[in-house]
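Visitor: Before I ask anything, here is the structure I am working with.
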Ligand SMILES: Cc1cc2nc3c(=O)[nH]c(=O)nc-3n(C[C@H](O)[C@H](O)[C@H](O)COP(=O)(O)OP(=O)(O)OC[C@H]3O[C@@H](n4cnc5c(N)ncnc54)[C@H](O)[C@@H]3O)c2cc1C
């Protein structure tokens, strides 16, 4: 009987545990333990803005039915923190001093919010939004506050802003970049989304960071910006991105850059220790650049593959798109994958806007390397798949810009993905 | 073995009867009027693309390891025990995050009305167990069968074609 230990009960940890069990289910017999410092069964982190808005309770977030862990024979240590890894002795140490031995260990420790790094960050009333507990604390604080400032115009910041607005607070978003969602959208796409958010009553200030969170007699008063302007606020949410949670790995002498470094089989530099999800650094399929993983889809995929590898079923990880997002604000759906702007010579940007919808594609050497869809996201998955597969799309630009293109245009590259039936000759010839 | 919709591309004329029938079968009243009223906003469950000279319907394959199921952060998209992949009738409600739209390499999941994703759910089978799109297809370009049967049928057709050619054909 092999002993598998998983630190983290998020998207990656859960996918890994299920993959280790595989088709054998409970009968697999291996010993699988999941440790998490969060006290709950796995829940969907992406949905916690709904808790802030008062729309969702924990039940609605849970990812598996009640009794799930027991039914697969997983041992759970929830509400327990791992404080150290002794990789030479294949042991981890819990907060209370207990040691747990493993044959294979998975670090699925996720990420934590990047701090604002300004005075007053510890004030009551200043929050970040990462966990269910964060969301319930913000919801409680929102009961007492009439106005809020959100720092950061990324996905999490904007979702938080919308949630607070739904509760009736006056909300101002302070953004350092010249436009919102600067990682997901170009300027034109961002303007469409910003208009939709403004229509919900959300205000924006660009080109600024906070300089201080001001408090008086232990109460948050507001935010002073770099330019000296003051915004009154009883509640602040800092959404300046996340940093991979690498403390355990680093202290154990495991190779770490911005995130834990893994090879193609999601192995870290320590024998028997794997890593997956937001705690990792991965290379982007399009740019080849290393960056923190930071996406739900990547966490699930890496977790599953790490689990297979840990169980001895070698499954190489081909890398992923570190930019792949969908969201909807104020009735405007957004999907973006790969690059959002050209990166110099050899790149080509083509765009089209019609009836409130904006669609842009970015090509390099005839291959699709990025797509931005705002207002109409139909066929988004085809773009993402083409980018991932480095498919040649030359000659099909009009179809791509008008969303009149599907997997059938790229039978060799895409149609076989599901192990589906062979495609006819006539279609196969179409592919470059 | 579960059945799915397969395409005989060479037969498709691009008349879009399948799309219309699909839309009608997914309206509450099951009427053409309601389907037309919803129009594009109703969210498409299958597509007919022009690929060069060929009309090419795109349909959900109800994948074994479905990308949309893996991508769903809400736990709404699931593979039913009968093999149908759908965001209806599971543990949780679809929240309209559209990750499945992005995850599907075949581009056959849409943003539907009411803030939820729509896709082929085979909720349209008639008394004979035929889906609306297949039933509506005038050239029988769409067939409802298992992968094994479909492939066997293609092989038979290919063999017959080869035999005809070998014997001098017609
Ligand atoms: C509001 C919000 C919205 C989001 N929306 C999207 C979206 O639309 N699309 C998208 O792709 N992604 C989105 N994300 C990001 C997505 O949630 C993450 O990419 C994903 O949750 C990563 O999963 P993970 O398993 O790697 O890490 P996590 O889910 O962070 O899980 C890690 C777990 O490990 C635990 N842990 C860490 N250290 C220890 C320790 N020493 N001992 C015990 N336990 C430990 C943590 O407490 C945590 O429970 C969103 C995130 C947030 C917060």
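Protein chains in written order, with this note's numbering: chain A, 1 to 432; chain B, 1001 to 1170. Glycine included, each C-beta is placed from N, C-alpha and C at the ideal position.
Report the rounded CA-to-CA distance for residue 1153 of chain B versus residue 1147 of chain B, giving the unit in angstroms.
Guide: 10 Å
Visitor: Is there a Cβ from chain A that is less than 8 Å from the Cβ of residue 1096 of chain B?
Guide: yes
Visitor: So with Cβ pairs under 8 Å, would you call residue 1092 of chain B a contact of chain A?
Guide: yes
Visitor: Can you have a look at residue 333 of chain A and say buried or exposed, based on whether 16 or more other CB atoms are within 10 angstroms of its CB?
Guide: buried
Visitor: Using a Cβ-Cβ distance under 8 Å, would residue 296 of chain A count as near chain B?
Guide: It does: the Cβ of residue 296 of chain A has a partner Cβ on chain B nearer than 8 Å.
Visitor: Determine the contact status of residue 197 of chain A and residue 155 of chain A, defining contact as a CB-CB distance below 8 Å.
Guide: Contact flag unset, no.
Visitor: Just checking my contact of residue 268 of chain A with residue 100 of chain A at CB under 8 Å: how many whole Å lie between their CB atoms?
Guide: Rounded, the Cβ-Cβ distance is 18 Å, inconsistent with contact.
Visitor: Please work out which residues of its chain come closer than 7 Å, Cβ to Cβ, to residue 109 of chain A, disregarding the five sequence neighbours upstream and downstream, and give them in chain order.
Guide: So the list reads 7, 8, 245, 248 and 279, once near-sequence residues are dropped.
Visitor: Is there a Cβ from chain B that is less than 8 Å from the Cβ of residue 353 of chain A?
Guide: Output row for residue 353 of chain A: interface = no.
Visitor: Determine the contact status of residue 238 of chain A and residue 151 of chain A, defining contact as a CB-CB distance below 8 Å.
Guide: yes
Visitor: Between the segment 1110-1124 of chain B and chain A, which residues of the former have CB atoms less than 8 Å from a CB of the latter, in chain order?
Guide: 1110, 1111 and 1115
Visitor: Note down, in chain order, all residues in the segment 352-386 of chain A with a beta-carbon under 7 Å from any beta-carbon belonging to chain E.
Guide: The structure shown contains no chain E; its protein chains are A and B.
Visitor: Confirm the yes/no value for this check: CB of residue 7 of chain A, any heavy atom of ligand 1, distance under 7 Å.
Guide: yes
Visitor: Could you say which of A/122, A/365, A/360 and A/375 lies nearest to residue 384 of chain A if we only look at CA atoms?
Guide: A/360
Visitor: Starting from the C-beta of residue 43 of chain A, find all residues in its chain whose C-beta is less than 8 Å away, skip the five residues before and the five after it, and write them out in chain order.
Guide: The answer, listed in chain order, is 58, 61, 62, 63 and 132.
Visitor: Is the distance from the Cβ of residue 1090 of chain B to the Cβ of residue 1075 of chain B below 8 Å?
Guide: Contact flag set, yes.
Visitor: Pick out whichever of A/32, A/72, A/3 and A/345 has its Cα sitting closest to the Cα of residue 90 of chain A.
Guide: Out of A/32, A/72, A/3 and A/345, A/3 has the C-alpha closest to the C-alpha of residue 90 of chain A.
Visitor: Report back the beta-carbon spacing between residue 1004 of chain B and residue 1061 of chain B to the nearest angstrom; my notes put them in contact at under 8 Å.
Guide: 6 Å
Visitor: Under the criterion of a Cβ to heavy atom distance below 7 Å, does residue 109 of chain A qualify as lining ligand 1?
Guide: Answer for residue 109 of chain A: yes, Cβ within range of ligand 1.
Visitor: Would the C-beta of residue 1053 of chain B count as close to ligand 1, meaning under 7 Å from any of its heavy atoms?
Guide: No.
Visitor: Does any C-beta atom of chain A lie closer than 8 Å to the C-beta of residue 1107 of chain B?
Guide: yes
Visitor: Listed from N- to C-terminal order along the chain, which residues in the segment 1071-1083 of chain B have their beta-carbon within a distance smaller than 8 Å of any beta-carbon of chain A?
Guide: Answer set for the segment 1071-1083 of chain B: 1071, 1073, 1074 and 1075.
Visitor: Roughly how many angstroms separate the alpha carbons of residue 410 of chain A and residue 391 of chain A, rounded to a whole number?
Guide: 8 Å
Visitor: List, in order along the chain, the chain B residues whose C-beta lies closer than 8 Å to that of residue 404 of chain A?
Guide: 1049 and 1050
Visitor: Classify residue 1140 of chain B: buried if its beta carbon has 16 or more other beta carbons within 10 angstroms, exposed otherwise.
Guide: exposed
Visitor: With the cut-off set at 8 Å, would you say residue 189 of chain A and residue 372 of chain A are in Cβ contact?
Guide: Contact: yes.
Visitor: Do residue 297 of chain A and ligand 1 come close, with the Cβ less than 7 Å from some heavy atom?
Guide: yes
Visitor: I need the DSSP call for residue 166 of chain A, collapsed to helix, strand or coil.
Guide: helix
Visitor: Since residue 1135 of chain B and residue 1086 of chain B are thought to touch, with beta carbons under 8 Å apart, how far apart are those beta carbons, to the nearest angstrom?
Guide: The pair is not a contact, with the Cβ atoms about 20 Å apart (cut-off 8 Å).
Visitor: When you measure from the CB of residue 39 of chain A to every non-hydrogen atom of ligand 1, does any distance come out below 7 Å?
Guide: no
Visitor: So, do the segment 114-130 of chain A and the segment 29-39 of chain A have three or more beta carbon pairs nearer to each other than 8 Å?
Guide: no
Visitor: Alpha carbons only, please: which of A/389, A/357 and A/354 is nearest the one belonging to residue 366 of chain A?
Guide: A/389
Visitor: Since residue 1143 of chain B meets chain A, which of its residues come closer than 8 Å, beta carbon to beta carbon?
Guide: Under the 8 Å cutoff, chain A gives no residues; its nearest Cβ is about 11 Å from residue 1143 of chain B.
Visitor: Is any heavy atom of ligand 1 found at a distance shorter than 7 Å from the C-beta of residue 325 of chain A?
Guide: yes
Visitor: Name, going along the chain, the residues of the segment 1023-1034 of chain B whose beta-carbon falls closer than 8 Å to a beta-carbon of chain A.
Guide: none
Visitor: Should residue 350 of chain A go down as buried or exposed, given a rule of 16 or more other Cβ atoms within 10 Å for buried?
Guide: exposed
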